[in-house]
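Which chain is which? The protein sequence lines are A and B, in order.
The letter at position 92 of the first sequence is residue 92 when you use the numbering used here, and the numbering goes up by one with no holes.
The letter at position 85 of the second sequence is residue 85 when you use the numbering used here, and the numbering goes up by one with no holes.
Beta carbons are placed, not taken as given, at the ideal position from N, Cα and C, and that holds for glycine.
In what follows, a structure is listed as structure tokens, so that the remarks can point back to it.
There are 2 protein chains.
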Amino acid sequence: MSEKISEAELVVMEALWEASPQTANDVADRVIASRDWSVQTVKTLLSRLMAKDVIAADQDGRRFLYRPMVARDDYVASESGRLVNRLFGGRVSPLIAQLASQDQLTADDIAELEEILKGLKS
Amino acid sequence: MSEKISEAELVVMEALWEASPQTANDVADRVIASRDWSVQTVKTLLSRLMAKDVIAADQDGRRFLYRPMVARDDYVASESGRLVNRLFGGRVSPLIAQLASQDQLTADDIAELEEILKGLKS
DNA sequence: GTCGATTGACTACAGCTGTAATCAGTGCGA
DNA sequence: TCGCACTGATTACAGCTGTAGTCAATCGAC
């Protein structure tokens, strides 16, 4: 479907998913809070995301207001799916087993999982 | 920890995880069965994997026998962890909720998840 | 109306990735 | 022993990625 979003680009997407629309500078401020990049770098990444059609911009006076074109949920869904396919042959339970064996599951996770399962069985 | 394995390199790793040790040509045969690459391409990828220290080779006469240095389980674990961190803030249950909402969970998956949870609660 | 600040566009460039051709060493068959 | 086939090593090269500098247009202040 839509083009591949690189690691650095994803950081910018996250900033846009947090709030939108935003000006380039707003996005840069947000991004620079966590990554030590220059404003120009963020703007370049915005351009590339535009080229990939995963964000859009509406002119507002002499600047642009950027907004995501793909929902975070959709992105997350497709990435999760890709991982499951690539590493677990499309099966989800081995992934969970994997995470469980790494002790990545907190007590809260377990409780929530039970809820989810309960919902699925009905 | 160990260096990043690229998409194409991963295909070669899978071939080595399937069986090892193998000669370069064995690996190439396996890989070429699913990807339309040249033997040279596979050999280049083997070299790069060597450089990244994720595989090793033992001389056998005038050729080499390649074998993985990282276990598939370890790789899969670290990739899964990375995904969970990158997209779900380190929480596992949103991932499951995500996959569940995509209907990626089969009945078998659900049954297995219940087993896993049962094990974890004890 | 001119000048500086703001902001997007263009350009840069090294390193990684995908894909492969070519080179060079070496052991085997004639 | 001499050349060929096999195999790893070296080199190639375009496209993507990370990171950023510079250019050019324009809007507001004086």
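Could you tell me how far apart the beta carbons of residue i and residue j are, in whole angstroms, since I believe they sit closer than 8 Å?
i	j	result
I32 of chain A	L46 of chain A	Actually they are not in contact, since the Cβ atoms of I32 of chain A and L46 of chain A sit about 13 Å apart, beyond 8 Å.
V84 of chain A	Q104 of chain B	7 Å
A77 of chain A	Q98 of chain B	6 Å
So the alpha helix (DSSP H) residue i belongs to, where does it begin and stop?
i	result
D74 of chain A	R72 to F88
I96 of chain A	S93 to S101
L117 of chain A	A107 to K121
Q22 of chain A	Looking at the DSSP string, Q22 of chain A is not in any alpha helix (DSSP H), and its letter there is neither H nor E.
Q104 of chain B	It is not in any alpha helix (DSSP H) - Q104 of chain B carries neither H nor E in the DSSP assignment.
R48 of chain A	V39 to A51
Residue i: buried (16+ other C-beta within 10 angstroms of its C-beta) or exposed?
i	result
E18 of chain B	exposed
Q59 of chain B	exposed
A51 of chain A	exposed
R82 of chain B	exposed
S40 of chain B	First, the amino acid is wrong: residue 40 of chain B is Gln here, not Ser. By the 10 Å Cβ count, Q40 of chain B comes out exposed.
S38 of chain B	exposed
M9 of chain B	Just to set this straight, residue 9 of chain B is Glu in the shown sequence, not Met. So E9 of chain B counts as buried.
S101 of chain B	exposed
D109 of chain A	buried
S107 of chain B	According to the sequence provided, residue 107 of chain B is Ala. The question's Ser does not apply to it. Flag for A107 of chain B reads exposed.
S6 of chain A	exposed
S124 of chain A	In the structure as shown, chain A begins at 1 and stops at 122. Residue 124 of chain A is therefore absent and cannot be evaluated.
A111 of chain A	exposed
Within 8 Å (strictly less), CB to CB, does residue i reach chain A?
i	result
E112 of chain B	yes
S6 of chain B	no
Below 8 Å on C-beta distance, what does residue i contact in chain A?
i	result
V70 of chain B	Chain A residues near V70 of chain B: none, gap ~13 Å exceeds 8 Å.
K121 of chain B	I110
List, in chain order, every chain B residue whose beta-carbon is nearer than 8 Å to that of residue i.
i	result
R35 of chain A	Result: empty, since nearest Cβ-Cβ is about 14 Å, beyond 8 Å.
V76 of chain A	L87, F88 and Q98
Do we get a CB-CB distance below 8 Å when we pair residue i with the residues of chain B?
i	result
L49 of chain A	no
L46 of chain A	no
L16 of chain A	no
M1 of chain A	Because M1 of chain A carries a pLDDT of 49, less than 50, the predicted location of this residue cannot be relied on, and no value is offered for it.
L95 of chain A	yes
G81 of chain A	yes
Cβ closer than 7 Å: which chain B residues qualify as neighbours of residue i?
i	result
R91 of chain A	D109
Residues of chain B with CB closer than 9 Å to the CB of residue i, please, in chain order.
i	result
V84 of chain A	L99 and Q104
Run down chain A in chain order and give the residues with a C-beta less than 9 Å from the C-beta of residue i.
i	result
S20 of chain B	Residues of chain A passing the Cβ test: none, with the nearest at roughly 18 Å.
Starting from residue i and walking both ways along the beta strand (DSSP E), at which residues does that stretch end?
i	result
D58 of chain A	I55 to D60
R67 of chain A	R63 to P68
Quick one: list the residues of chain A neighbouring residue i, beta-carbon separation under 7 Å, in chain order.
i	result
L117 of chain B	I110, L113 and E114
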